[in-house]
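Beneath this line is the structure, given in structure tokens, with notes to follow.
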Amino acid sequence: MWRLATESQVLDVNSRYAYLLWCRDHAHTSVLARRHGAAVGFVTGYRRPAEPNTLFIWQVAVSAAARGHGIALRMLDALFDRVDGVDHLETTITPDNEASVRLFTAFAERRRAGIVRSELFGRPLLGGDHQAEILHRIGPIVRGSGNK
581 MWRLATESQV LDVNSRYAYL LWCRDHAHTS VLARRHGAAV GFVTGYRRPA
631 EPNTLFIWQV AVSAAARGHG IALRMLDALF DRVDGVDHLE TTITPDNEAS
681 VRLFTAFAER RRAGIVRSEL FGRPLLGGDH QAEILHRIGP IVRGSGNK
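Quick look at the structure:
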């Protein structure tokens with residue numbers, strides 16, 4: 581996961597240790613895609629403690645060689661379907677990350693759910709040249725309304 585995050589050149593890369601802890605503590609709310617035994621994508625997420633019906637997606641990465649085959653959307657679908665008791669999905673996206681905006685818009689459309697967008701963390705809080713993080717809240721999502 582660390583390698584995929586680093587190679588993405590768009591994600592805020594966490595330490596290798598952080599990804600290992602994530603795999604240990606949040607495996608049920610995350611997914612790893614493999615092709616021929618090699619990791620080609622991942623989605624990290626967690627159930628929000630204050631809103632347990634909401635699955636927050638922290639990071640999505642797909643290797644450059646595997647992009648363009650719908651892997652990210654399939655991982656999101658599989659993860660959402662696996663986590664019981666959630667009817668909303670949230671993520672944050674910087675305004676310049678058009679690929680992520682397209683991905684989560686496609687997920688919402690497949691699930692026939694609305695999206696509400698609002699700034700969650702502004703530039704001053706994030707420091708440096710980091711852009712604002714825009715919260716995308718998708719839902720309510722009806723089970724079984726995916727890619728069937």
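Just so you know, we're using the working numbering here: the sequence shown kicks off at 581 and counts up by one.
C-beta: ideal position from N, C-alpha, C; glycine also.
With distances taken from CA atoms, which of the options is nearest residue i?
i      : options                           : result
LEU731 : GLY694, THR672 and TYR626         : Because the chain is modelled from 581 through 728, residue 731 falls outside the range shown and cannot be assessed.
ARG642 : LEU635, ARG697, ALA598 and ILE651 : In the sequence as presented, Arg is not what sits at residue 642; that position holds Val. Considering only alpha carbons, the answer is ILE651.
VAL729 : ALA646, PRO632, THR674 and ALA658 : As shown, the chain starts at 581 and ends at 728. That puts residue 729 outside it, with no answer to give.
ALA630 : GLU670, CYS603, ARG604 and ASP592 : GLU670
ARG614 : ARG654, GLY708, ARG691 and ASP709 : ARG654
THR634 : ALA607, ASP664 and ARG703         : ASP664
VAL722 : GLY707, PHE660 and GLY708         : PHE660
Which residues in the same chain as residue i place their Cβ atom closer than 7 angstroms to its Cβ, once the five residues preceding and following it in sequence are excluded?
i      : result
VAL590 : ASN677
ALA658 : VAL611
If I'm right that residue i touches residue j with Cβ under 8 angstroms, what's the distance once you round it to whole angstroms?
i      : j      : result
ARG628 : PHE636 : 5 angstroms
GLN711 : PRO675 : 6 angstroms
ILE718 : ALA688 : 5 angstroms
ALA646 : VAL620 : 4 angstroms
PRO720 : HIS668 : 6 angstroms
GLU587 : ALA679 : That pair is no contact at about 14 angstroms.
Taking the continuous beta strand (DSSP E) assigned at residue i, which residues delimit it?
i      : result
LEU593 : Just to set this straight, residue 593 is Val in the shown sequence, not Leu. Premise fails: VAL593 is in no beta strand (DSSP E) and is neither H nor E.
Looking only at its chain, what residues have a beta carbon closer than 6 angstroms to the beta carbon of residue i, apart from the 5 residues adjacent to it on each side?
i      : result
TRP582 : ARG596 and TYR599
ARG662 : none
ARG697 : ILE714 and HIS716
LEU705 : none
GLY702 : ALA712
TYR626 : HIS606, THR609 and PHE636
Note the first and the last residue of the continuous alpha helix (DSSP H) segment covering residue i.
i      : result
SER698 : Element bounds for SER698: not the alpha helix (DSSP H) but the beta strand (DSSP E), 695-701.
THR671 : Per DSSP, THR671 belongs to no alpha helix (DSSP H); it is in the beta strand (DSSP E), 668-673.
ALA688 : 678-690
ILE718 : Element bounds for ILE718: not the alpha helix (DSSP H) but the beta strand (DSSP E), 713-718.
Return the chain-ordered list of same chain residues with a C-beta closer than 8 angstroms to the C-beta of residue i, the five sequence neighbours on each side being excluded.
i      : result
ARG607 : In the sequence as displayed, the identity of residue 607 is Ala instead of Arg. Around ALA607: no qualifying Cβ.
ALA618 : none
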